[in-house]
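Novice: In UniProt numbering, the protein residues as written are 1 to 539. Beta carbons: idealized from backbone N, C-alpha and C, even for Gly. Can you keep this structure in mind? I'll have questions shortly.
Shown next, in the form of structure tokens:
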């Protein structure tokens with residue numbers, strides 16, 4: 001047996017072992033989220049300079065240091081020499097920043113429009129195929145970024161990225177929730193995914209700027225494109241047991257039917273969680289397109305300082321994730337309080353930002369802001385999965401599509417609205433508005449205090465916020481939880497099916513549950529061969 005065959009056999013045995021397989025799923029999802037957020041932020045140092053060189057924004061403004069007025073000129077119609085005196089060259093704000101802001105917002109707008117579709121598709125056909133589709137679209141988008149040579153092509157590439165993100169991000173988060181059914185482990189896994197999101201957002205600008213400066217525009221995007229291709233291929237291999245599992249359930253007629261997205265939005269607890277995610281990300285979405293210009297004007301910051309001011313925030317974000325995981329393990333019914341504290345921290349940091357007078361001082365409130373965002377995201381995302389488990393059906397595509405809609409709404413409004421607010425009420429006014437919005441949502445989180453006391457509803461009316469339990473006086477409908485398959489009433493599993501029962505007994509992470517209930521690898525392989533030979537085998 002060759003070394004390659006030995007490695008292949010070991011790899012396939014790991015895929016067929018449930019605990020190893022779900023760790024591989026987490027790895028694939030984290031790479032996809034890292035890739036998507038790197039692509040979102042890598043254009044920050046590249047696109048403005050590149051479009052300026054293409055004359056997509058050819059109007060510049062001359063600020064004469066020793067003069068009493070400014071004069072707006074076309075840079076190609078004016079010859080500079082030393083006799084002109086000292087000058088500072090900048091793009092005309094209302095032309096350059098509007099175009100770049102629209103380019104940023106377009107991705108979030110398309111993602112916002114595609115998320116209801118992606119959530120429904122994921123609930124119907126599973127997680128792996130939509131995620132693979134999203135990664136393929138991201139690959140195409142990245143290729144257009146690499147070889148595109150006009151503002152219009154960049155705009156198309158940004159829209160394609162929004163479509164790809166709607167499928168890849170939503171399917172990835174839903175896949176984590178599906179594989180990790182224990183509440184502590186799910187919180188930990190989603191926290192790790194959030195850390196990769198943060199890392200991708202923060203490392204992308206310096207990565208893109210350095211590679212663009214020394215190797216040109218194409219290399220950063222080509223690198224990200226091949227990462228997307230590799231991640232998609234790895235996903236297809238790793239998710240083979242899950243496709244077999246879905247085929248077993250489909251053949252038996254026991255495949256759970258997910259609750260439609262519009263019905264989930266009618267659930268008041270889920271609506272509060274979605275609102276919390278939007279409010280928590282408004283501050284970051286509004287600051288990203290405005291803080292660079294403010295730093296340049298108020299503290300004469302360099303381009304390097306404008307980018308590096310975000311870099312230290314990664315460590316507080318990771319610290320916030322770890323804090324929430326530890327507290328959620330100890331106080332699982334208080335995650336609403338962790339999110340409320342996170343919102344309060346965000347509000348305080350937003351208020352402090354305009355009073356910073358130098359680059360170093362500004363790092364402190366930004367780091368505190370990212371710590372608060374981590375508290376909110378790490379507490380709310382597992383809560384949304386828990387609410388689906390206990391109040392609906394344990395199929396997660398639509399609920400995490402709602403979460404993605406919440407993020408997209410904030411980032412769609414940010415680049416468009418923030419600039420207008422700065423022009424109207426200045427940068428300090430923008431931060432006061434963000435502070436009031438964030439602190440104003442803190443009392444709303446108190447309404448979530450009872451959501452961990454509910455049991456799985458036997459019927460289908462949307463419960464009220466006023467009660468600690470579910471009203472069982474309503475009728476069944478097509479989207480009621482399936483309770484007639486083996487193992488539902490007992491806290492056990494059926495062959496080839498993960499445990500969808502919401503109220504599991506706690507198992508220590510070092511002694512995880514065997515989700516598939518296979519007695520041996522040979523049993524699994526035998527089922528695998530039988531199923532793949534069936535004419536109705538589902539991909």
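Whole-angstrom Cβ separation of residue 168 and residue 138, contact assumed at under 8 Å?
Specialist: Confirmed, about 6 Å.
Novice: Where does residue 339 fall in DSSP's three states?
Specialist: It is helical.
Novice: To the nearest angstrom, how far is it from the Cα of residue 122 to the Cα of residue 253?
Specialist: When rounded, the distance between both Cα atoms is 18 Å.
Novice: In terms of residues, what are the limits of the alpha helix (DSSP H) holding residue 411?
Specialist: Taken as a continuous stretch (DSSP letters only), the alpha helix (DSSP H) holding residue 411 covers 397 to 441.
Novice: Between the C-alpha atoms of residue 14 and residue 28, what's the straight-line distance to the nearest angstrom?
Specialist: Those two C-alpha atoms are separated by around 15 Å.
Novice: Alpha carbon to alpha carbon, how far is residue 223 from residue 199?
Specialist: Distance between the alpha carbons of residue 223 and residue 199 is about 17 Å.
Novice: Please state the DSSP three-state secondary structure of residue 296.
Specialist: Residue state, collapsed to three classes: helix.
Novice: With C-beta atoms as the reference, is residue 415 less than 7 Å away from residue 105?
Specialist: A contact, by the Cβ cut-off of 7 Å.
Novice: How far does the alpha helix (DSSP H) with residue 36 in it reach, from first residue to last?
Specialist: Element bounds for residue 36: 18 to 42.
Novice: Leaving out five residues before and five after residue 22 in sequence, what residues of the same chain have Cβ atoms less than 7 Å from its Cβ?
Specialist: Closer than 7 Å at the Cβ level, and outside the excluded window around residue 22, lie 179, 180.
Novice: From this set, 399, 397, 204, which residue's C-alpha is nearest residue 44's C-alpha?
Specialist: The option with the nearest alpha carbon to residue 44 is 204.
Novice: Where does residue 239 fall in DSSP's three states?
Specialist: Coil.
Novice: From residue 412 to residue 214, what does the alpha carbon distance come to, in whole angstroms?
Specialist: Each residue's Cα considered, the two are about 32 Å apart.
Novice: Please confirm if the stretch 296 to 314 is in contact with the stretch 354 to 371, defined as three or more CB-CB distances below 8 Å between the two stretches.
Specialist: Contact between the stretch 296 to 314 and the stretch 354 to 371 is present, because at least three Cβ pairs lie under 8 Å.
Novice: With DSSP collapsed to three states, give me the class of residue 197.
Specialist: DSSP places residue 197 in helix when its eight states are reduced to three.
Novice: With respect to the alpha helix (DSSP H) encompassing residue 317, which residues constitute its N-terminal and C-terminal limits?
Specialist: Where residue 317 is concerned, the enclosing alpha helix (DSSP H) stretches over 314 to 330.
Novice: Kindly give me the distance between the Cβ atoms of residue 313 and residue 370, rounded to whole angstroms, as I take these residues to be in contact under 8 Å.
Specialist: About 4 Å separates the two Cβ atoms, so the contact holds.
Novice: Counting along the chain, where does the alpha helix (DSSP H) carrying residue 158 start and finish?
Specialist: Counting along the chain, the alpha helix (DSSP H) containing residue 158 begins and ends at 151 to 179.
Novice: Where do the N-terminal and C-terminal ends of the alpha helix (DSSP H) with residue 137 fall, by residue?
Specialist: Start and end: 128 to 147.
Novice: Can you tell me where the alpha helix (DSSP H) with residue 389 in it begins and where it stops?
Specialist: Start and end: 359 to 391.
Novice: Excluding the five sequence neighbours on either side, which residues of its own chain have a C-beta within less than 7 Å of the C-beta of residue 161, listed in chain order?
Specialist: Only 39, 107, 138, 141 meet the Cβ criterion.
Novice: Please look up how many angstroms separate the CB atoms of residue 260 and residue 394, rounded, as I've assumed it's under 8 Å.
Specialist: About 15 Å; that fails the 8 Å criterion.
Novice: Under 8 Å Cβ to Cβ from residue 264, same chain only, skipping five residues before and after it: list those, please.
Specialist: 270, 388, 392, 398, 399, 402.
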